[in-house]
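S.K.: For what it's worth, the numbering used here labels the leading residue of the sequence shown as 299, then goes sequentially. Got a structure for you, written out below as structure tokens; questions coming shortly.
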Amino acid sequence: MSGFRALPSADQFLSSEAGRALAEAHGRTPTLAALRARLDAMRAAIRDGADGAALAAGLPELLAADLGAAARSALRPALNLTGTVLHTNLGRAILAEEAAKAALAAMRNPLALEFDLESGGRGQRDDHLRGLLRELTGAEDAAVVNNNAAAVLIALNALGQGREAIVSRGELIEIGGAFRMPDIMARAGVRLVEVGTTNRTHPRDYEDAITPETGLILKVHTSNYRIEGFTAEVEAPRLAEIARRAGVPLLNDLGSGSLADLSIYGLRREPTVAEAVAEGADLVTFSGDKLLGGPQAGFILGRKDLIAAINKNPLKRAVRLDKIRIAALEATLRLYRDPERLTRRLPTLRFLARPQAEIRAQAERLAPQVGGLLAGLGYGARAADCASQIGSGASPTDAIPSAGLRLTGRGGDAPDRLAALLRRLPRPIIGHIHDGALILDLRCLERDADLLEALEAL
Ligand SMILES: *Cc1c(COP(=O)(O)O)cnc(C)c1O
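Shown next as structure tokens:
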């Protein structure tokens, strides 16, 4: 039995071959800190009767594991096999290659963000997106901000501060993360006037609520729920007419807002942004990282005079976009100019457009290999049909037929234990638990090798 003397001093260890290699890989300061923590723990263990020589022999491997874990970011790339294509907690849309390249170039180089290359004078950062947005949507003008929540906040403030906004009771939404329409209105300095009932709102309800105090009429896409049954809603074209007659602006918050017609992918038809603009709303707002498939951003499109008021609003500076995202957005919007190749280039639409038969064939191909990798842990894998969804509040009640791997093991907690193991991999794999199994929906897995390589680390 050897005691404290079997342990190396910190200096001795750092000048050993193993110590030098660790300091080279992770830096001297972090290595020394991890080493001291381990040596303290080992001295305590020896006081409790552990063998010093045995502990010392295991030191290099333990330190390598400690330093490896500390160096690993929780933001490392994961595999989204949840079946939710736009998963808010997994960062929503992943960018097209073109957008990622543009973002990288913007990070590494100076660029004419607020500089007019023609005249050498001052430019505006939104100019880089304004032309494309007008071209793609038919809107008169456009402003871009941090996200759609900011777009709604600044639009409400610019149109209605100190005045009233009329909204249907059926559209007073709450989106995840404490975004509640009544609270946003209060913060924007706008007084909420609710009209209609939860299930039915009529043109008269809006007309009767209009007073000299009215600042705007607000229409909100009921992103994450659907009211069904005995319902009535005033559609945007009719509401635009009511607003125009009363001389108050109509703000239409689309939420997800797609620039492409989703029905060509076999998905439920949602009005496109261009249609919402054509329907006569004075301002339209939507997100950059939902169906559009770009980085986090919020768009405000519409009347030139109202966009000018938004650009002059002091909140604009607080919610403006950075150069990296402007570059990525510009590259993303450019892809929409070439609709024939859009699905191939834009991951969000590419995932949504994948036919179930193709995903099923992939699941059947992968099941035996994944089963082989999990057998040692007591789990089996088989191909099974499942249902994906768009996510982020687009067509919330619609399931998209998909396929994936159904992973099962012994014991009631088998799916949870496997889910935890897969979450902690160097490349985390995120699935969902359904009906006593861990389901890996393969809709967003484009390369089989990504899954196999991630699992090999088990
Ligand atoms: C998602 C959503 C928002 C918020 O958009 P973010 O880009 O997440 O800030 C606002 N309104 C509606 C209707 C939405 O669906």
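We put the CB at the ideal spot given by N, CA and C, even for glycine.
So, at 6 Å on beta carbons, what are the nonlocal neighbours of A682 in its own chain, with the 5 sequence-adjacent residues on each side left out?
M.R.: Excluding residues within five positions, the ones whose Cβ falls inside 6 Å are R704.
S.K.: Indicate, with yes or no, if ligand 1 has a heavy atom lying under 6 Å from the CB of G366.
M.R.: Answer for G366: no, Cβ out of range of ligand 1.
S.K.: Kindly examine ligand 1 and report whether one of its heavy atoms sits closer than 6 Å to the Cβ of A447.
M.R.: Because some heavy atom of ligand 1 lies under 6 Å away, the Cβ of A447 counts as near it: yes.
S.K.: Taking 6 Å as the cut-off, is the CB of D748 close to at least one heavy atom of ligand 1?
M.R.: For ligand 1, not one heavy atom lies less than 6 Å from the Cβ of D748.
S.K.: Would you mind sorting M405 into buried or exposed? The rule is 16 or more other CB atoms within 10 Å of its CB.
M.R.: M405 comes out exposed.
S.K.: At a threshold of 6 Å, does D696 count as lining ligand 1 (C-beta to nearest heavy atom)?
M.R.: Incorrect: D696 has no Cβ contact closer than 6 Å to ligand 1.
S.K.: Using the beta-carbon count (16 or more within 10 Å), is Y677 buried or exposed?
M.R.: Flag for Y677 reads buried.
S.K.: Helix, strand or coil for R646 per DSSP?
M.R.: The sequence shown places Thr at residue 646, not Arg. T646 falls in the helix class under three-state DSSP.
S.K.: I525 lies in the alpha helix (DSSP H); which residues open and close that run?
M.R.: Per DSSP, I525 belongs to no alpha helix (DSSP H) and is neither H nor E.
S.K.: Could you name the residues of the same chain whose beta carbon sits closer than 6 Å to that of D414, not counting the 5 residues immediately before and after it, in chain order?
M.R.: So the list reads G421, once near-sequence residues are dropped.
S.K.: Hey, which unbroken runs of the alpha helix (DSSP H) at 4 residues or more fall wholly within the stretch 453-487?
M.R.: Listed in chain order, they are 479-485.
S.K.: Which residue comes first and which comes last in the alpha helix (DSSP H) that contains Y504?
M.R.: From DSSP, the alpha helix (DSSP H) with Y504 extends over P501 to A507.
S.K.: Relative to ligand 1, is the shortest distance from any of its heavy atoms to the C-beta of G691 smaller than 6 Å?
M.R.: G691 Cβ: within cutoff of ligand 1.
S.K.: Within its chain, find whatever has a CB closer than 6 Å to the CB of L720; leave out the 5 residues flanking it on each side and keep chain order.
M.R.: I727.
S.K.: Would you tell me roughly how many angstroms separate the C-alpha atoms of D636 and I562, rounded to the nearest one?
M.R.: Distance between the alpha carbons of D636 and I562: 15 Å.
S.K.: May I ask you to verify whether the stretch 422-432 touches the stretch 663-680, counting CB pairs closer than 8 Å and requiring at least 3?
M.R.: No, because fewer than three Cβ pairs between the stretch 422-432 and the stretch 663-680 fall closer than 8 Å, the two stretches do not touch.
S.K.: Between the alpha carbons of G381 and R461, how many angstroms are there, rounded?
M.R.: Going by the C-alpha atoms only, they are around 43 Å apart.
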